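**Q**
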Amino acid sequence: MSTKVSTPSRTAPSGSGRRAGSNEAEAVEVRVDLRRSRGRLVRIIGPFTPLLILVLWEVASRVGVLDARFFPPPSAIAETFWTMLSTGDLVEHAAVTLSRIAIGFLMGGIPGLVLGIALGSVTWLRTLLGPIFASLLPVPKVAIFPLLLLVFGLGEMSKYVIVGIGVFFYIFYNAMGGVLQTPQIHFDVATANGANRLQRWSTVALPSALPSIFTGLKLAVGGAFVIIAASEFVGSRNGLGYLIWSSWTTFAVAKMYVGIVTISALGYLSTTLVTLLERRLIPWSRQ
């Protein structure tokens with residue numbers, strides 16, 4: 001007696017199943033199109049966002065929503081900016097600030113780069129000096145400015161040193177971190193090919209650390225502008241920080257905003273220049 005074993009028969013998907021799958025695919029496509037459209041809209045509107053903010057600020061200040069004594073219209077600030085630019089007053093203050101930053105950058109950046117690569121490459125040196133730098137890092141750099149005034153006086157040297165100290169730590173830690181991230185096998189290969197310690201630093205450690213070093217440079221640029229502005233508040237008779245502080249004390253609010261906008265624009269341009277230099281020197285970092 002034979003028994004029949006029933007096997008499930010394959011049936012074609014029903015029409016409702018095909019419609020459900022088609023609807024889901026269409027919904028996904030619609031969502032993708034919406035995201036693309038939103039992205040294009042953001043790219044178009046994005047550059048006009050600052051202009052929109054300025055227009056709203058202008059209107060709010062004119063109609064009294066914002067107190068014009070503290071938030072003067074952007075048109076009034078622009079007029080003051082043009083006047084100070086025409087007389088050369090703004091250029092003089094900006095040139096003084098930039099020169100202080102440049103000299104302080106060299107004073108702090110070069111030692112920070114050398115020591116960062118050295119401590120990243122030499123274990124015993126990192127063990128010996130690392131805790132010292134780690135203990136000094138949390139100290140607010142502006143907090144030691146009164147001490148620098150006592151040591152160096154109200155002259156230019158105190159401002160160079162305070163900028164140099166701030167720049168040093170940004171570059172030092174990024175350079176050391178960049179070297180420490182370099183695979184040890186790279187150093188071993190250089191040693192196997194007869195490279196001495198100096199050659200290992202110049203051909204392995206420095207190129208490997210360059211992306212981190214440029215990150216430190218960009219951070220140092222922003223930090224340098226903050227530090228120099230704060231130091232010029234109390235220890236200077238010129239510079240953009242002095243312009244901001246003296247305008248505040250005399251309630252020349254429009255001039256104060258001119259100083260703030262100028263130092264912000266210079267900081268942005270300086271960071272952009274460092275970024276362009278990075279792309280020129282180490283194009284592989286973008287990969």
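Take the sequence shown: its position 237, counted from the start at 1, is 237 in full-length UniProt numbering, and no numbers get skipped. No residue lacks a Cβ here, since even glycine has one placed at the ideal position from N, Cα and C. Please read all numbers here as calculations on a predicted model, not as lab measurements.
ILE45 by DSSP, collapsed to three states: which one?
**A** Helix, per DSSP.
**Q** Would you decide whether LEU48 is buried or exposed? Buried here means 16 or more other CB atoms lie within 10 Å of its CB.
**A** Sequence inspection shows Phe at residue 48; the Leu mentioned does not correspond to that position. That one is exposed.
**Q** Taking all protein chains shown into account, decide if ILE77 is buried (16 or more other Cβ within 10 angstroms of its Cβ) or exposed.
**A** Looking at its Cβ environment, which holds 16 or more other Cβ atoms inside 10 Å, ILE77 is buried.
**Q** Starting from ASP188, trace the alpha helix (DSSP H) in both directions and tell me its first and last residue.
**A** Note, ASP188: alpha helix (DSSP H), 184-192.
**Q** Here's a check: name, in chain order, each residue in its chain whose Cβ is nearer than 6 Å to the Cβ of SER212, leaving out the five neighbours to either side.
**A** Within the same chain, SER212 has close Cβ partners ASN174, GLY177, GLY178.
**Q** Taking just the CA atoms, how far does PRO140 sit from THR123?
**A** Answer to the nearest angstrom: the Cα atoms are 28 Å apart.
**Q** From this set, SER135, ALA205, LYS159, which residue's C-alpha is nearest PRO146's C-alpha?
**A** Taking only the C-alpha atoms, the option nearest PRO146 is LYS159.
**Q** Among residues of its own chain, excluding the 5 on either side of LYS255, which ones have a beta-carbon nearer than 8 Å to its beta-carbon?
**A** THR80, MET84, LEU243, SER247, listed in sequence order.
**Q** Is there contact between the segment 160-169 and the segment 109-119, where contact requires at least three CB pairs shorter than 8 Å?
**A** Yes, they touch.
**Q** Does the Cβ of ALA229 have 16 or more other Cβ atoms within 10 Å, making it buried, or fewer, making it exposed?
**A** Its Cβ being crowded by 16 or more others within 10 Å, ALA229 is buried.
**Q** Look at the alpha carbon of VAL189 and the alpha carbon of THR203, and state the distance between them as a whole number of angstroms.
**A** Taking the straight line from one Cα to the other gives about 11 Å.
**Q** Take ALA252 and list the residues in its own chain whose beta-carbon comes closer than 6 Å to its own, dropping the five residues that flank it on each side.
**A** For ALA252, where only same-chain residues beyond five positions count, there are no Cβ hits under 6 Å.
**Q** Among TRP57, ILE103, ALA94, which residue has its Cα nearest to the Cα of residue 289?
**A** In the structure as shown, the chain begins at 1 and stops at 287. Residue 289 is therefore absent and cannot be evaluated.
**Q** I need the DSSP call for PHE225, collapsed to helix, strand or coil.
**A** If DSSP states are grouped into helix, strand and coil, PHE225 belongs with the helices.
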